[in-house]
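Residues -21 to -1, 1 to 259 in mature numbering (1 follows the signal peptide of the UniProt record, and there is no 0) are what the sequence shown lists, from first letter to last.
Don't be surprised by glycine CBs; every beta carbon is placed ideally from N, CA and C.
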Amino acid sequence: SQLTVPMGLAFFFGCDATTCAQPGLIRPGTENGAPGSASYNARLLANGVNVSSDGWYYAPGCAHNHSECVPVLLGAQVWNHMEWCLVAKEQNLPLAITFLGWFGEILTVPALFNAGLNALFYWWQPDNTFLSFDPDMVFFSEEILDIKQFQYTRKVIWEGLAAVDEEIYDFLFKVSLTNTDMDQMMADLGTSSVGDIACNWVRNNNATWANWLRDPTYCNRGFYYNSTERLCKACQPGTVTSLFGRRGCDVCPRGTHSISLASVECEICATGTFASQEGQ
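Here is the structure:
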């Protein structure tokens, strides 16, 4: 059956138990139909958080009268459910808090919106899941929280990339998108493919991404920039460049050698061998 109102939210949706239970898919205090583990519930109790049998934690600020509670809908239990319960408890906030699992949240929030009802819910940016509802962000004083409301977006790359291709590594290191750009990309996801969004951004932001490209004269180690041919060329055997951006190769001193193209360091001659001249 089509979801109208998740079961167990009758009080906040203003519907009767029959209507609210109609879908039977989502229950407060469960994730994919499974309640919190016994060990997790024991930790809640140990911290003075007594979750009601209906799956909600009614903070002291409204425990005496649930009609004064502001509902807080979290996704996964591990997404700081206990931390928010403790904040509400310690700060005497009038909040009723539950978790629904991410699947439950992405169904419940639109149901609230379509019913013209308000609630606090967990979300992050950049993401387009709830973007069409244009929700308002609520900020808490950082000093009362053990969790961070703001985190920097991180780039994750293979740790061996720099050794395999330093130019690609250098490019990815410089890539940075503004919040405005990311918000627009999220908004465009409703009508455009990921490929089209990326290509449009590249076409419209030449000046930005051009700064991410390495100077063509800044050659990798083992290469030098040939100003006549206007390209990077490999150092010949007997010469090396151990630094980036060189305009010429260094000759290997006596007692050392390099036998391959694009070497980055001269090797000491093995026992029983010698190099009596430079550049061998």
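Over the uninterrupted beta strand (DSSP E) stretch that includes Thr97, give me the two end residues. One point to set straight first is that residue 97 is Asn, not Thr, in the sequence displayed. Unbroken run through Asn97: none, as it is neither H nor E.
Separation of Asn20 from Asn97, as counted between CA atoms: 28 Å
Write down the C-beta distance between Ala256 and Leu240 rounded to the nearest angstrom, noting that I regard them as a contact closer than 8 Å. For the record, residue 256 in the displayed sequence is Gln; it is not Ala. Going by Cβ atoms, the distance from Gln256 to Leu240 rounds to 20 Å, so no, they are not a contact pair.
Anyone know if the C-beta pair for Tyr203 and Thr220 falls short of 8 Å? Yes, the Cβ-Cβ distance between Tyr203 and Thr220 is below 8 Å.
Within 8 Å, do at least three Cβ pairs link the region 36 to 47 to the region 109 to 116? no
Endpoints, alpha helix (DSSP H) assigned at Cys211: That residue, Cys211, is in no alpha helix (DSSP H); its beta strand (DSSP E) goes 210 to 213.
Just to confirm my understanding: we take Gly234, look at its own chain, exclude 5 residues before and 5 after, and list those with CB closer than 8 Å. What are they? Ile247, Cys248, Phe253, Ala254
Let me know the secondary structure DSSP gives Ile136 once reduced to three states. coil
Here's the rule: buried if 16 or more other CB atoms are within 10 angstroms of the residue's CB, otherwise exposed. What is residue 288? The structure shown does not extend to residue 288, since the chain is modelled only from -21 to 259, so the question has no answer here.
DSSP three-state call for Glu246: helix, strand or coil? strand
Tell me the DSSP secondary structure of Glu10 in three-state form. strand
Name the DSSP bridge partner or partners of Leu222? Leu222 is not bridged to any residue.
Which residues in the same chain as Ile126 place their Cβ atom closer than 7 Å to its Cβ, once the five residues preceding and following it in sequence are excluded? Asn59, Glu62
Rounded separation between Ala141 and Gly83 - CA only: Distance between the alpha carbons of Ala141 and Gly83: 41 Å.
Could you pull the DSSP bridge partners for His236 from this structure? Glu246
Within 8 Å, strictly: CB atoms of Leu24 and Val66: no
Using 8 Å for Cβ pairs, my map puts Arg193 next to Glu138. What's the rounded Cβ distance? That pair is no contact at about 20 Å.
Beta-carbon proximity list for Ser171, same chain, < 8 Å, skipping 5 on both sides: Asn179
Within 10 angstroms of its Cβ, does Gln128 collect 16 or more other Cβ (buried), or is it exposed? Flag for Gln128 reads exposed.
C-alpha gap between Phe223 and Asn199, whole angstroms: Phe223 and Asn199 have their C-alpha atoms roughly 5 Å apart.
Can you give me the start and stop residues for the alpha helix (DSSP H) that Tyr19 sits inside? 17 to 25
Just list the residues that DSSP pairs Thr77 with in beta bridges. Looking at the DSSP assignment, Thr77 forms a beta bridge with Leu52.
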